[in-house]
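Protein chains in written order, with this note's numbering: chain A, 5 to 216; chain B, 5 to 216.
Where a beta carbon is used, it is the ideal one built from N, C-alpha and C, also for glycine.
These numbers were taken from a predicted model, which means no experiment stands behind them.
Notes follow once the structure below has been shown.
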DNA sequence: CAATAATTTGGACAACCGTCAAGACGGCTG
DNA sequence: CAGCCGTCTTGACGGTTGTCCAAATTATTG
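Following this line, the structure appears as structure tokens:
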């Protein structure tokens, strides 16, 4: 059959297939987004496919139609989540015209993230820990970590540039520092520590001039 | 009965009770230690009480006799785990007589920890993430975090002292930095990245002189 | 030694899990 | 319109989970 198809027919068939694939993939992302809702609420350990389905407009069967596996679903969630995060500070970086402007823009976004997207970020830390046990997560997690490191590095180099300097430490160390601070602040924030956010901001404000 | 007890009899009763309590508590720790074995292997999400029992010399019923709950068991594990960690570098700190000696001693312990106790440490990161979802964990986790911060601070102040200086950053920032670096190195190490350990050592070796 | 309490065992229980498959639905094509 | 195909629903399955409990065993006391 396929062998007898003319060039034109073949092109039509290929187009139809890619269309179908795109639709399929769009649906996967819809489902992943719904799953992220419950995952952010309960964490990886306590989240079941049925729970995800119940907290969404979908039935639990659909998830098995679009994902081969529970791990497949979670991996898709992680990958999709990545895209949202990595560009968070880019606007601030490109528009800021002075060190102060960059500092204040960065701090404002940092505080807003901690306050409004705590659930998504605790899920990220959860999944990164899971990657230490589950090899299937490692590739995606390491990749996301790399791009977060690059994100921090963009901020640091721009900050240095605005002061005609160069960052004093490596990308890895800088990311480790900010990631560690954010992680600690997030835990304190979730534990209803009112000082978590201001303490983080103070710390970062003090740190920025010393690293460049 | 108890009301009629003489002072001496009462003292005996109290002594007997505390003895029983100590025995009870010693058993709890035995069980917690056995549980840590499996928890380190599988992580929090995949570890069941039956699995814990099967990988140990105990039956699953015992765990319910000594712990009211699964969370109760895990909390006890975390608390017990704490004691092991916090003193890891203390010997190096007290015996080192020069900056170089302290640096090399610290780096050696760091490398050994990463290589030999990866399982226990990934469990720690797992549980710290769980604390973001499960309030019952938070108190213990925050407490451990504080004492780990103090541990790092002891190293830093000693390092500064040996150079007649003072640490340039806060305890929180310093702990965030080292914790972030270690966490990242651990994940890479578990993902069979041969450069994980040497990269960490290089980074720390470069960093130490800059923070004091 | 008897009897009372503490400890341990191992099975029963309901609830839940991930997975699967048979069938229903609806749109598209021939 | 009939038939097909992709999509989705629903219920069932074997297995695992945390919890509980009655009975067995061991230690402690009088």
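Work out the CA separation of residue j and residue i for me, nearest whole Å.
i, j, result
"residue 199(A)", "residue 134(A)", "29 angstroms"
"residue 98(A)", "residue 110(A)", "12 angstroms"
"residue 160(A)", "residue 163(B)", "27 angstroms"
"residue 153(B)", "residue 89(B)", "12 angstroms"
"residue 80(B)", "residue 129(B)", "16 angstroms"
"residue 78(B)", "residue 94(A)", "41 angstroms"
"residue 149(A)", "residue 147(B)", "27 angstroms"
"residue 115(A)", "residue 158(A)", "19 angstroms"
"residue 105(A)", "residue 113(A)", "12 angstroms"
"residue 120(A)", "residue 92(A)", "13 angstroms"
"residue 46(B)", "residue 101(A)", "49 angstroms"
"residue 35(B)", "residue 22(B)", "20 angstroms"
"residue 197(A)", "residue 62(B)", "40 angstroms"
"residue 210(B)", "residue 138(A)", "32 angstroms"
"residue 190(A)", "residue 72(A)", "33 angstroms"
"residue 169(B)", "residue 201(A)", "30 angstroms"
"residue 54(A)", "residue 28(A)", "21 angstroms"
"residue 96(B)", "residue 171(B)", "18 angstroms"
"residue 87(B)", "residue 58(B)", "26 angstroms"
"residue 165(A)", "residue 165(B)", "34 angstroms"
Assign residue i to one of three DSSP states: helix, strand, or coil.
i, result
"residue 136(B)", "coil"
"residue 184(B)", "helix"
"residue 44(A)", "helix"
"residue 150(B)", "helix"
"residue 203(B)", "helix"
"residue 29(B)", "helix"
"residue 189(A)", "helix"
"residue 80(A)", "helix"
"residue 49(A)", "coil"
"residue 37(A)", "helix"
"residue 120(A)", "helix"
"residue 86(A)", "helix"
"residue 7(A)", "Note that residue 7(A) scores a pLDDT of 44, beneath 50, so its modelled location is shaky and nothing firm can be said."
"residue 142(A)", "helix"
"residue 22(B)", "helix"
"residue 167(B)", "coil"
"residue 63(A)", "coil"
"residue 172(B)", "coil"
"residue 94(A)", "helix"
"residue 113(B)", "helix"
"residue 58(B)", "helix"
"residue 198(A)", "coil"
"residue 104(A)", "helix"
What residue from the options has the CA that sits closest to residue i's CA?
i, options, result
"residue 205(A)", "95(A), 117(A), 58(A)", "117(A)"
"residue 207(B)", "182(B), 22(B), 23(B)", "182(B)"
"residue 186(A)", "203(A), 171(A), 170(A), 210(A)", "203(A)"
"residue 176(A)", "73(A), 138(A), 156(A)", "156(A)"
Is the beta carbon of residue j closer than 7 angstroms to that of residue i?
i, j, result
"residue 126(A)", "residue 136(B)", "yes"
"residue 49(A)", "residue 48(B)", "yes"
"residue 60(B)", "residue 38(B)", "yes"
"residue 103(B)", "residue 167(B)", "yes"
"residue 180(A)", "residue 188(B)", "yes"
"residue 215(B)", "residue 174(B)", "no"
"residue 142(B)", "residue 195(A)", "yes"
"residue 42(A)", "residue 56(A)", "yes"
"residue 212(A)", "residue 107(A)", "yes"
"residue 44(B)", "residue 123(B)", "yes"
"residue 75(A)", "residue 140(A)", "yes"
"residue 82(A)", "residue 144(A)", "yes"
Since residue i and residue j are thought to touch, with beta carbons under 8 angstroms apart, how far apart are those beta carbons, to the nearest angstrom?
i, j, result
"residue 251(A)", "residue 70(A)", "The structure shown does not extend to residue 251(A), since chain A spans only 5 to 216, so no value can be given for it."
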